[in-house]
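Undergrad: In our numbering, the protein residues as written are 156 to 458.
My questions will all concern the structure given below.
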Amino acid sequence: MKTYNLKTIKVEDYKLLDKYYRMRRPQAADSNLLDLYLWENCYPTKYFTTDKGLMWVAKSEDGQFYSAIPCCRNEDLRECFLETQEYFNNCLKKKLTMYVVDKEAVEILDLPKDEYVVVPDRTYFDYIYDAEKLRTFSGKKYHGKKNHLNAFKRDYEGRYEFKILTKNNEKEILDFIDKWKITKEHSQEHEFIDSEAKGVKFLLDNEEYLDYKMAGVYIDGELKAFTIGNYYKEEDMVYIPVEKADHNIRGLYQYICSEFLKEVFPMAGKVNREDDMGLDGLRKSKESYNPIYMIEKYTIIQK
Numbered sequence: 156m157k158t159y160n161l162k163t164i165k166v167e168d169y170k171l172l173d174k175y176y177r178m179r180r181p182q183a184a185d186s187n188l189l190d191l192y193l194w195e196n197c198y199p200t201k202y203f204t205t206d207k208g209l210m211w212v213a214k215s216e217d218g219q220f221y222s223a224i225p226c227c228r229n230e231d232l233r234e235c236f237l238e239t240q241e242y243f244n245n246c247l248k249k250k251l252t253m254y255v256v257d258k259e260a261v262e263i264l265d266l267p268k269d270e271y272v273v274v275p276d277r278t279y280f281d282y283i284y285d286a287e288k289l290r291t292f293s294g295k296k297y298h299g300k301k302n303h304l305n306a307f308k309r310d311y312e313g314r315y316e317f318k319i320l321t322k323n324n325e326k327e328i329l330d331f332i333d334k335w336k337i338t339k340e341h342s343q344e345h346e347f348i349d350s351e352a353k354g355v356k357f358l359l360d361n362e363e364y365l366d367y368k369m370a371g372v373y374i375d376g377e378l379k380a381f382t383i384g385n386y387y388k389e390e391d392m393v394y395i396p397v398e399k400a401d402h403n404i405r406g407l408y409q410y411i412c413s414e415f416l417k418e419v420f421p422m423a424g425k426v427n428r429e430d431d432m433g434l435d436g437l438r439k440s441k442e443s444y445n446p447i448y449m450i451e452k453y454t455i456i457q458k
């Protein structure tokens, strides 16, 4: 039987993994290497490589094995997909299940319907925005957002400050997340936020290895919002995996969104603000920022 050398995700391997991630850029949040490190504590993942690409093996809390689309060139995608399937079938003795597969990959694979089920999963569709629109909130569609932004600047004039954050700000960032968690009612949300906090701490503790920017907004010297992002030149896109603000402060979300893009990523043409997790409130919020298109995601299940 063929042997596979499964490896765990290590921060020291960032540059190696980045090489694989840049082989194919489908504009999906799942193709953002920063997300892998941010959520590794929540979704422990291993990988193996061949001369063509990198393949994923993960296990859920209930013991189910699954994978994600391989990191490789388009022309090698089918070969790497079959390599993943071979590992599942022969080593794990399991049928392959692959989540968050982008539409382009589905079209390239062109899998036979008698062997696979391929279904869209709206929960994980990414929202893509025009970066300049989010910097300025100009135009009729953004009239409400612009009003909120102007209200914030007026109401807190002379009291707010936008700052770049580093590991030196770790305690106040984690304290802010704890306070933000209290505003959420459901225990499921609390678990998600706790995992996110662990991921944020990991990014801060390893900032010298990782390529990202973090910024916050202070009001009267107290952190009231923060956000994280990173940029891929290949698709001229900023990815925003985390953005949190005190929802009691009108216009604060609009301010940190706008200022982060203006001050930190002025070069970016597009913004990926990730999915809505199937939450009605989050979906309504993301739709209100007028995405220019969505990145569709699919689940592939081997019959």
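We put the CB at the ideal spot given by N, CA and C, even for glycine.
Can the beta-carbon of residue 178 be found less than 8 angstroms from the beta-carbon of residue 455?
TA: Looking up residue 178 in the sequence shown gives position 23. Looking up residue 455 in the sequence shown gives position 300. Cβ distance not < 8 angstroms, so residue 178 and residue 455 don't count as in contact.
Undergrad: Which same chain residues end up closer than 7 angstroms to residue 377 when comparing Cβ atoms and leaving out the 5 residues on each side of it in sequence?
TA: Along the sequence shown, one-based indexing puts residue 377 at 222. Taken in chain order, the list of residues that qualify is empty.
Undergrad: Taking the CB atoms as reference points, tell me whether residue 176 and residue 188 lie closer together than 8 angstroms.
TA: Taking the first residue of the sequence shown as 1, we reach residue 176 at position 21. Taking the first residue of the sequence shown as 1, we reach residue 188 at position 33. Closer than 8 angstroms, so yes.
Undergrad: Do the segment 267 to 284 and the segment 373 to 390 touch if we need at least three Cβ pairs shorter than 8 angstroms?
TA: As far as the Cβ criterion goes, the segment 267 to 284 does not touch the segment 373 to 390, which means the pair count is below three.
Undergrad: Please determine whether the Cβ atom of residue 429 lies at a distance below 7 angstroms from any heavy atom of the ligand NAP.
TA: Only the bare structure without any ligand can be found here, which leaves the ligand NAP out of the picture.
Undergrad: Does the beta-carbon distance from residue 423 to residue 401 come in below 8 angstroms?
TA: Here residue 423 is taken as the residue at index 268 of the sequence shown, counted from 1. Here residue 401 is taken as the residue at index 246 of the sequence shown, counted from 1. Result no, Cβ atoms of residue 423 and residue 401 do not sit closer than 8 angstroms.
Undergrad: Return yes when the Cβ of residue 441 is within less than 8 angstroms of the Cβ of residue 255, no when it is not.
TA: Within the sequence shown, numbered from 1, the residue matching residue 255 stands at position 100. Within the sequence shown, numbered from 1, the residue matching residue 441 stands at position 286. Result no, Cβ atoms of residue 255 and residue 441 do not sit closer than 8 angstroms.
Undergrad: Comparing C-alpha positions only, which one of 443, 290, 430 and 354 sits nearest to residue 417?
TA: Within the sequence shown, numbered from 1, the residue matching residue 417 stands at position 262. Among 443, 290, 430 and 354, the Cα nearest to that of residue 417 belongs to 290.
Undergrad: Would you kindly check if the distance between the Cβ of residue 228 and the Cβ of residue 389 is under 8 angstroms?
TA: Working through the sequence shown from its first residue, we reach residue 389 at position 234. Working through the sequence shown from its first residue, we reach residue 228 at position 73. In this structure, residue 228 does not lie closer than 8 angstroms to residue 389 by Cβ.
Undergrad: So, helix, strand or coil for residue 278, using DSSP?
TA: On the sequence shown, position 123 is the one that residue 278 refers to. In this structure, residue 278 counts as helix in the three-state DSSP scheme.
Undergrad: My parser needs the alpha helix (DSSP H) runs of 4 or more residues fully inside the segment 181 to 225; what are they?
TA: 188 to 193, all fully within the segment 181 to 225.
Undergrad: Cα-Cα, which of 283, 360 and 457 is closest to residue 320?
TA: Counting from 1 along the sequence shown, the entry for residue 320 is found at position 165. Checking every option, the nearest Cα to that of residue 320 belongs to 360.
Undergrad: Output yes or no for whether 8 angstroms exceeds the beta carbon distance between residue 203 and residue 162.
TA: For the purposes of this step, residue 203 is taken as the residue at position 48 of the sequence shown. For the purposes of this step, residue 162 is taken as the residue at position 7 of the sequence shown. Going by C-beta atoms, residue 203 is nearer than 8 angstroms to residue 162.
Undergrad: Just list the beta strand (DSSP E) runs in the segment 375 to 449, keeping only unbroken ones of 3 residues or longer that don't cross its boundaries, in chain order.
TA: Here the runs fully enclosed are 377 to 387, 392 to 400 and 425 to 427.
Undergrad: Tell me the residue span of the alpha helix (DSSP H) that contains residue 311.
TA: Numbered from its first residue, the sequence shown carries residue 311 at position 156. Looking at the DSSP string, residue 311 is not in any alpha helix (DSSP H), and its letter there is neither H nor E.
Undergrad: State the DSSP-derived secondary structure class of residue 159, mapped to helix, strand or coil.
TA: Position 4 of the sequence shown, counted from the first residue, corresponds to residue 159. DSSP places residue 159 in coil when its eight states are reduced to three.
Undergrad: Cβ of residue 304 within 8 angstroms of Cβ of residue 443?
TA: Position 149 of the sequence shown, counted from the start, is the residue given in the question as residue 304. Position 288 of the sequence shown, counted from the start, is the residue given in the question as residue 443. Cβ atoms of residue 304 and residue 443: not closer than 8 angstroms.
Undergrad: So, at 6 angstroms on beta carbons, what are the nonlocal neighbours of residue 324 in its own chain, with the 5 sequence-adjacent residues on each side left out?
TA: One-based indexing of the sequence shown puts residue 324 at position 169. No residues qualify anywhere along the chain.
Undergrad: Check whether the segment 203 to 217 and the segment 304 to 314 are in contact - that is, three or more C-beta pairs closer than 8 angstroms.
TA: Too few Cβ pairs lie closer than 8 angstroms, so no.
Undergrad: Kindly indicate which three-state DSSP category residue 164 falls into: helix, strand or coil?
TA: As a first step, residue 164 is located in the sequence shown; it is residue number 9 there, counting from the start. In the structure shown, residue 164 sits in coil (DSSP, three-state: anything other than H, G, I, E or B).
Undergrad: Using DSSP bridges, identify the partner residues of residue 253.
TA: On the sequence shown, position 98 is the one that residue 253 refers to. In the DSSP output, where bridge partners are listed per residue, residue 253 has 222 and 455.
Undergrad: Using the DSSP secondary-structure output, state which residues sit across from residue 227 in a beta bridge.
TA: Counting from 1 along the sequence shown, the entry for residue 227 is found at position 72. Partner(s): 208.
Undergrad: Mind listing, in chain order, the continuous alpha helix (DSSP H) runs of no fewer than 4 residues lying wholly within the segment 287 to 373?
TA: Qualifying alpha helix (DSSP H) stretches, in chain order: 298 to 310, 325 to 337 and 342 to 360.
Undergrad: What residue from 260, 222 and 428 has the CA that sits closest to residue 200's CA?
TA: Here residue 200 is taken as the residue at index 45 of the sequence shown, counted from 1. Selected option, being the one with the closest Cα: 222.
Undergrad: Apply the 10 Å Cβ neighbour rule to residue 274 and answer buried if 16 or more other Cβ atoms are within range, or exposed otherwise.
TA: For the purposes of this step, residue 274 is identified with residue 119 of the sequence shown, where counting begins at 1. It counts as exposed.
Undergrad: Cutting at 7 angstroms between CB atoms, please list the residues of its own chain near residue 380, excluding the five before and the five after it.
TA: Within the sequence shown, the letter at position 225 stands for residue 380. Cβ within range, chain order: 371, 372, 399, 400, 401, 407 and 411.
Undergrad: One question on the structure: do residue 396 and residue 282 come within less than 8 angstroms of each other, judged by their Cβ atoms?
TA: Residue 396 sits at position 241 when you count from the first residue of the sequence shown. Residue 282 sits at position 127 when you count from the first residue of the sequence shown. Contact: no.
Undergrad: Does residue 171 pass the burial test, meaning 16 or more other C-beta atoms within 10 Å, or should it be called exposed?
TA: Translated into the one-based positions of the sequence shown, residue 171 becomes position 16. Residue 171 is exposed by the Cβ-count criterion.
Undergrad: Of the choices 317, 386, 211 and 369, whose alpha-carbon is the least far from that of residue 286?
TA: The residue labelled residue 286 in the question sits at position 131 within the sequence shown. Comparing Cα-Cα distances from residue 286 to each of 317, 386, 211 and 369, the minimum goes to 386.
Undergrad: Identify which residue in 156, 276 and 307 has its Cα closest to the Cα of residue 405.
TA: The count along the sequence shown starts at 1 and reaches residue 405 at position 250. For residue 405, the nearest C-alpha among the options comes from 307.
Undergrad: Would you mind stating whether residue 207 and residue 231 have Cβ atoms separated by less than 8 angstroms?
TA: The count along the sequence shown starts at 1 and reaches residue 207 at position 52. The count along the sequence shown starts at 1 and reaches residue 231 at position 76. Result yes, Cβ atoms of residue 207 and residue 231 sit closer than 8 angstroms.
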